[in-house]
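J.:
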Amino acid sequence: MTKRTPSVDGWTKPRDTTDRGSDGQRIFGDPRVRRCVYRADSGFEGMGMAAGTRVGSQFGHYHLRALLGRGGMGEVYEAYDTTKDRTVALKILDVDLAKDPTYQQRFRRESHAAARLQEPHVIPIHDWGEIDGVLYIDMRLVVGQDLRALLRSRGPMGPAHAVAVVDQIAAALDAAHADGLIHRDVKPENILVTAGEFAYLVDFGIAHSSSDLRLTTLGSAVGSYAYMAPERFDNAPVDARADVYSLACVLYECLTGSIPFPSNSISSAIRAHLTTPVPSPSSIRPDVPATFDEVIARGLAKDPRDRYRTAGDFAAAARSALTARERKTETDIATRPEPSQVPRSEPTRVDDRGRPPVYPPTAFHSGPAAPPPPYYPPTPYTAPPPARRSVALPVTVTVLVIALLALAGVVGWLVLDQNNPDDPPVTAAGSSQVRTPVTEDVPVATTRAAPATVPPAVTPPRTTARTTTAPPPPIVGEVSGADRQGFLPPSDARCNYTNPAVFIGRTTKSLVVVCETGVGRYYYQGVRISDGAAISVDDPSPSGSGFVATGDGGTEYRLTPTTLTIVGGDGKVLATEPMIESAYR
0 MTKRTPSVDG WTKPRDTTDR GSDGQRIFGD PRVRRCVYRA DSGFEGMGMA AGTRVGSQFG
60 HYHLRALLGR GGMGEVYEAY DTTKDRTVAL KILDVDLAKD PTYQQRFRRE SHAAARLQEP
120 HVIPIHDWGE IDGVLYIDMR LVVGQDLRAL LRSRGPMGPA HAVAVVDQIA AALDAAHADG
180 LIHRDVKPEN ILVTAGEFAY LVDFGIAHSS SDLRLTTLGS AVGSYAYMAP ERFDNAPVDA
240 RADVYSLACV LYECLTGSIP FPSNSISSAI RAHLTTPVPS PSSIRPDVPA TFDEVIARGL
300 AKDPRDRYRT AGDFAAAARS ALTARERKTE TDIATRPEPS QVPRSEPTRV DDRGRPPVYP
360 PTAFHSGPAA PPPPYYPPTP YTAPPPARRS VALPVTVTVL VIALLALAGV VGWLVLDQNN
420 PDDPPVTAAG SSQVRTPVTE DVPVATTRAA PATVPPAVTP PRTTARTTTA PPPPIVGEVS
480 GADRQGFLPP SDARCNYTNP AVFIGRTTKS LVVVCETGVG RYYYQGVRIS DGAAISVDDP
540 SPSGSGFVAT GDGGTEYRLT PTTLTIVGGD GKVLATEPMI ESAYR
């Protein structure tokens, strides 16, 4: 989650509905619809849709439930498909851009490119078309964060986790390249990572066929300059090795926390890609093994002929740079099965607050170029632990039990899903392992399987997948216009996903809620009643029967069942608001 900088009175102004320069969390199918036509003011012009104006409306046979992302080509909604009875991510082209044949063709090309790739690390496209003159893409709804958000919130990754992400994206790129497609926009914002560290490559909006000579007018303007291969800046032929270069930039950033060539302008970024020697990641962060220096140097070679031939070759070289122990960890992550679909009964948003946060531009900023960040020993990258496996049973008995369960699961799936042919299979081909995401915050879809008869003396191996969700403890007190997740929509003082509220309060001037995302993890959301100004703060601390949330600049929001007190970073009390109604767990 991203904190919003409070103003002098402790509040931010309502969001600009054009969401200029949004780098916000993606959601999916193409979770973060941010396009990369870079402008000096970091803005995206020409958005004809007011943000979220379609929420609650009907778009053909889709009911638009929530706005998930917004960018230069349109908006992505969580939508309910009334025909197929499923919740999807629906990308809708901006109505103004729909009049532009170039954008129409780019939008169609994205749907065609992604739909024809049958690769687990490319989000499936269910359908695409046109409704009332507006183009749309219907995609699987995926729960996760983009890699940019992960790096901002957690810092650099450990080598094994960084290589695991790159390994998975390399598989997606190799599939695209084998089909004659060059992605041309590989960057952290276009990589989605689930709680179980399953990675997806998204946004094929500027993907280019090696045999397609059209749509070149935007060729010099699309893509993110911080990740673009040198040959992209002139008329040299561009092939799959341009994506390899971009993927090497991503690995470098995962390892070090910074882009390879920090720049303060587009022109200096281009010069750096063309002439500046490749930096060694171990010189930026001493804890990065020096074995990665050569891998990065070859991946970022100025001449594409000196680079790895394929993305898979690059990923293999990165794996070889790991220690034996790290390689085992990387293999465990990179070979995890694809998560199952979002359950129909629990449609879920991706951002921790249910809406895309706003990040500053990734590649450039005003003022002189910043030096590489100082080195501090990083906090180890934490990831969901792998499933614990029992070793007490004989191998042969365990295999028999798994086989029985797998057979029962297949039979149950066939019975329950025979009338829904469009849903992708829940299990991997030739495997009995259920594709269930491991997540702390999001309810997991219950495995749909027919009952199986298992010998009573045998207990199947334990798994981390949760098939039921324990109800939260009852809340003490009542607040009008609120439920167990905070204030009812359209108020922003509400929890996301199915996160329960642990504190709800209505003061004389404000609506406030504290939400729980996991054991001991919370976030605070407040809305000023008079003008809708909002503030969101990560990790408020329990304090007595209330909470203290500390925002940027040290501003504190102190909650008790009787009072909301806003204290500035200098210790001065900015406001004291009596509680009219409050409830807490």
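Counted the way this note's numbering counts, the sequence shown spans residues 0 to 584.
Ideal Cβ placement from N, Cα and C applies to all residues, glycine included.
Treat the numbers as computed from the prediction; the structure is a model and nothing was measured.
State buried or exposed for G595, treating a residue as buried only when at least 16 other CB atoms are found within 10 Å of its CB.
T.: Here the chain comprises residues numbered 0 to 584, so residue 595 is not present and cannot be evaluated.
J.: Mapping DSSP to helix, strand and coil, what is S262?
T.: Here the question's residue 262 lines up with position 263 in the sequence shown. Coil at S262, not helix or strand.
J.: If I follow the unbroken beta strand (DSSP E) through G545, where does it start and stop?
T.: Here the question's residue 545 lines up with position 546 in the sequence shown. G545 -> beta strand (DSSP E) spans G545 to T549.
J.: Would you call P373 buried or exposed, if buried means 16 or more other Cβ atoms sit within 10 Å of its Cβ?
T.: Position 374 of the sequence shown, counting from 1, holds the residue named residue 373. Confidence at P373 is low in this model, with a pLDDT of 42, below 50, so the placement of that residue is unreliable and no value is reported for it.
J.: In the DSSP output, what is I565 paired with across the bridge?
T.: By 1-based counting over the sequence shown, the position of residue 565 is 566. Partner(s): Y556 and A574.
J.: Please work out which residues of its chain come closer than 6 Å, Cβ to Cβ, to G59, disregarding the five sequence neighbours upstream and downstream, and give them in chain order.
T.: Residue 59 sits at position 60 when you count from the first residue of the sequence shown. I130.
J.: I believe S242 touches L172 by the beta-carbon criterion, under 8 Å. Please report the beta-carbon distance rounded to the nearest angstrom.
T.: To locate residue 242, count along the sequence shown from 1; it is residue 243. To locate residue 172, count along the sequence shown from 1; it is residue 173. Looking at the sequence shown, residue 242 is not Ser but Asp. With 8 Å as the limit, D242 and L172 qualify as a contact, their Cβ atoms being about 5 Å apart.
J.: Quick one: grab the DSSP three-state call for H272.
T.: One-based indexing of the sequence shown puts residue 272 at position 273. Of the three classes helix, strand and coil, the one that applies to H272 here is helix, per DSSP.
J.: Does the distance from the C-beta atom of P280 to that of F291 stay below 8 Å?
T.: Taking the first residue of the sequence shown as 1, we reach residue 280 at position 281. Taking the first residue of the sequence shown as 1, we reach residue 291 at position 292. Result yes, Cβ atoms of P280 and F291 sit closer than 8 Å.
J.: So, using beta-carbon positions, are E337 and F197 closer together than 8 Å?
T.: By 1-based counting over the sequence shown, the position of residue 337 is 338. By 1-based counting over the sequence shown, the position of residue 197 is 198. Yes; because the gap between Cβ atoms is below 8 Å, this pair is in contact.
J.: Quick check on Q117: buried or exposed, where buried means 16 or more other Cβ atoms within 10 Å of its Cβ?
T.: As a working mapping, residue 117 is identified with position 118 in the sequence shown. Exposed, by the Cβ-count rule.
J.: Is it buried or exposed, S586, if we count other Cβ atoms within 10 angstroms and call 16 or more buried?
T.: A question about residue 586 goes unanswered here, because the residues of the chain that appear run from 0 up to 584.
J.: Excluding sequence positions up to five away, which residues of its chain have a Cβ less than 6 Å from the Cβ of C514?
T.: Looking up residue 514 in the sequence shown gives position 515. Only C494, N498, A500 and Y522 meet the Cβ criterion.
J.: From T330 to T255, what distance separates their C-alpha atoms?
T.: In the sequence shown, the residue the question calls residue 330 occupies position 331. In the sequence shown, the residue the question calls residue 255 occupies position 256. Their Cα atoms are separated by approximately 21 Å.
J.: Beta carbon of D137, beta carbon of L67: below 8 Å?
T.: For this step, residue 137 is matched to residue 138 along the sequence shown. For this step, residue 67 is matched to residue 68 along the sequence shown. Cβ atoms of D137 and L67: not closer than 8 Å.
J.: Are the beta-carbon atoms belonging to I122 and V141 less than 8 Å from one another?
T.: If you number the sequence shown from 1, residue 122 lands on position 123. If you number the sequence shown from 1, residue 141 lands on position 142. For I122 and V141, yes; Cβs fall inside 8 Å.
J.: Would you identify the three-state DSSP class for G195, choosing helix, strand or coil?
T.: To locate residue 195, count along the sequence shown from 1; it is residue 196. G195 falls in the coil class under three-state DSSP.
J.: Taking the alpha helix (DSSP H) that T330 falls in, what are its first and last residues?
T.: Your numbering for residue 330 matches position 331 in the sequence shown. That run of the alpha helix (DSSP H) goes A323 to A333.
J.: Just verifying my parser: in three-state terms, what is the DSSP assignment at N498?
T.: Translated into the one-based positions of the sequence shown, residue 498 becomes position 499. If DSSP states are grouped into helix, strand and coil, N498 belongs with coil.
J.: Would you check if the distance between the CB atom of I565 and the CB atom of T549 is smaller than 8 Å?
T.: Locating residue 565 in the sequence shown gives position 566, where the first residue counts as 1. Locating residue 549 in the sequence shown gives position 550, where the first residue counts as 1. No.
J.: Could one say the Cβ of D491 lies closer than 8 Å to chain B's Cβ atoms, at least one of them?
T.: This model lacks chain B altogether, as it is built from one protein chain only.
J.: Here's the rule: buried if 16 or more other CB atoms are within 10 angstroms of the residue's CB, otherwise exposed. What is T86?
T.: Walking along the sequence shown from the start, residue 86 turns up at place 87. Flag for T86 reads buried.
J.: Let me know the secondary structure DSSP gives V185 once reduced to three states.
T.: In the sequence shown, the residue the question calls residue 185 occupies position 186. Note: V185 maps to coil in three-state DSSP.
J.: Specify the secondary structure class of T311 as computed by DSSP and reduced to three states.
T.: On the sequence shown, residue 311 is found 312 positions in, with the first residue counted as 1. This sequence places Gly at residue 311; Thr is not what is there. Three-state result, G311: helix.
J.: The alpha helix (DSSP H) with V162 in it runs from where to where?
T.: Taking the first residue of the sequence shown as 1, we reach residue 162 at position 163. Taken as a continuous stretch (DSSP letters only), the alpha helix (DSSP H) holding V162 covers P158 to A177.
J.: Taking three-plus beta-carbon pairs below 8 Å as touching, is the segment 314-324 in contact with the segment 156-171?
T.: The segment 314-324, when compared against the segment 156-171, does touch it at the 8 Å Cβ threshold.
J.: In this structure, does DSSP put H111 in helix, strand or coil?
T.: Numbered from 1 along the sequence shown, position 112 holds the residue referred to as residue 111. In this structure, H111 counts as helix in the three-state DSSP scheme.
J.: By DSSP, does T255 sit in helix, in strand, or in coil?
T.: Within the sequence shown, the letter at position 256 stands for residue 255. Here T255 sits in helix by DSSP.
J.: How far does the alpha helix (DSSP H) with I295 in it reach, from first residue to last?
T.: Here residue 295 refers to the residue found at position 296 of the sequence shown. I295 -> alpha helix (DSSP H) spans T290 to G298.
J.: Considering Cα atoms alone, identify which of D569, P303 and T562 is closest to Y244.
T.: One-based indexing of the sequence shown puts residue 244 at position 245. Among D569, P303 and T562, the Cα nearest to that of Y244 belongs to P303.
J.: Closest to A582 by C-alpha separation, out of G132, T561 and V572, would be which residue?
T.: Indexing the sequence shown from 1 puts residue 582 at position 583. Considering only alpha carbons, the answer is T561.
J.: What residue does the alpha helix (DSSP H) around S152 start on, and which one ends it?
T.: Start at 1 with the first residue of the sequence shown, and residue 152 comes out as number 153. Its alpha helix (DSSP H) spans residues L146 to R153.
J.: Between which residues of its own chain and S529 is the CB-CB distance below 6 Å, once the five residues before and five after are set aside?
T.: Taking the sequence shown and counting its residues from 1, one reaches residue 529 at position 530. Around S529: no qualifying Cβ.
J.: Would you tell me roughly how many angstroms separate the C-alpha atoms of D482 and E74, rounded to the nearest one?
T.: Taking the sequence shown and counting its residues from 1, the one referred to as residue 482 is at position 483. Taking the sequence shown and counting its residues from 1, the one referred to as residue 74 is at position 75. Taking the straight line from one Cα to the other gives about 29 Å.
J.: Does the beta-carbon of P359 have 16 or more other beta-carbons within 10 angstroms, so that it is buried, or is it exposed?
T.: The sequence position of residue 359 within the sequence shown is 360, counting from 1. A caution first: P359 carries a pLDDT of 32, below 50, which makes its placement in the model too unreliable to give a value.
J.: Grab me the residues of T81's own chain with a C-beta within less than 6 Å of its C-beta, minus the 5 sequence neighbours each way, in chain order.
T.: Position 82 of the sequence shown holds residue 81. Excluding positions up to five away in sequence, the list reads H60.
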